[in-house]
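First comes the structure, then the notes that go with it.
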Amino acid sequence: MAKFPKTTLIIGASENPERYANMAANRLVSKGHPIINLGKKEGIVAGEPIYTDRKLFDNVHTITLYINPLHQKEWYEYIFTLNPQRIIFNPGTENPELERLAQQKGIETIEGCTLVMLSIDNF
Numbered sequence: 048m049a050k051f052p053k054t055t056l057i058i059g060a061s062e063n064p065e066r067y068a069n070m071a072a073n074r075l076v077s078k079g080h081p082i083i084n085l086g087k088k089e090g091i092v093a094g095e096p097i098y099t100d101r102k103l104f105d106n107v108h109t110i111t112l113y114i115n116p117l118h119q120k121e122w123y124e125y126i127f128t129l130n131p132q133r134i135i136f137n138p139g140t141e142n143p144e145l146e147r148l149a150q151q152k153g154i155e156t157i158e159g160c161t162l163v164m165l166s167i168d169n170f
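Mapped onto our numbering, the consecutive letters of the sequence shown carry residue numbers 48 to 170.
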């Protein structure tokens with residue numbers, strides 16, 4: 048179980064077990080971190096629903112991205128409305144513009160892999 052559970056919003060959630068977002072959801076839950084899934088299609092991952100609408104969730108500590116940088120701009124306002132403490136840019140999602148804007152708002156940004164961070168207890 049997590050020493051300090053961090054509610055994590057997964058943007059790009061998928062029911063496909065071969066997708067890294069799916070693997071991360073399952074690993075986060077197994078490590079004791081509550082998750083919120085946002086994706087293109089409704090479904091269930093790690094026992095939690097995948098939402099397709101951008102609801103305003105409370106107490107989101109971490110946002111972990113699994114969407115291409117070309118599609119991230121439409122998410123900026125939503126991400127900042129949630130006021131997360133950090134954003135993880137998984138491999139392939141790196142976005143210097145979003146990182147800079149987040150840092151200006153005092154949000155920690157990490158270019159890393161959620162799965163690796165969990166495996167080495169660095170989440």
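All C-beta atoms, glycine included, are put in the ideal place defined by N, C-alpha and C. For clarity, every value in this text was computed on a predicted model and none was experimentally measured.
Where residue i falls: helix, strand or coil (DSSP)
{"i": "ASN130", "result": "coil"}
{"i": "LEU56", "result": "strand"}
{"i": "TYR123", "result": "helix"}
{"i": "TYR67", "result": "helix"}
{"i": "LYS106", "result": "The identity of residue 106 in the sequence shown is Asn, whereas the question assumes Lys. It is coil, neither helix nor strand."}
{"i": "ASN169", "result": "coil"}
{"i": "THR111", "result": "strand"}
{"i": "GLU141", "result": "coil"}
{"i": "SER61", "result": "coil"}
Outcome for residue i when other beta-carbon atoms lying within 10 angstroms are tallied against a minimum of 16
{"i": "HIS118", "result": "exposed"}
{"i": "ILE91", "result": "exposed"}
{"i": "ILE110", "result": "buried"}
{"i": "ASN69", "result": "buried"}
{"i": "VAL163", "result": "exposed"}
{"i": "PRO96", "result": "exposed"}
{"i": "ILE167", "result": "exposed"}
{"i": "PHE170", "result": "buried"}
Residues bridged to residue i (per DSSP)
{"i": "GLU155", "result": "ARG133"}
{"i": "GLY90", "result": "ILE97"}
{"i": "ILE83", "result": "LEU56"}
Proximal residues to residue i (C-beta, below 7 Å), its chain only, five neighbours per side dropped
{"i": "PRO138", "result": "CYS160"}
{"i": "PHE104", "result": "LEU56, ILE83, LEU129"}
{"i": "TYR67", "result": "TYR113, ASN137, LEU162"}
{"i": "LYS152", "result": "PHE127"}
Cβ neighbours of residue i in the same chain (closer than 8 Å, five flanking residues each side left out)
{"i": "LEU27", "result": "Residue 27 falls outside the range modelled here, since the chain spans only 48 to 170, and no answer is possible."}
{"i": "ARG147", "result": "none"}
{"i": "PRO131", "result": "LEU56, VAL107, HIS108, THR109, ILE110, ILE154"}
Sequence-distant residues of its chain with Cβ nearer than 6 Å to residue i (five each side left out)
{"i": "ASN142", "result": "PRO116, GLN119"}
{"i": "LYS27", "result": "Nothing about residue 27 can be read from this structure; the chain reaches only from 48 to 170."}
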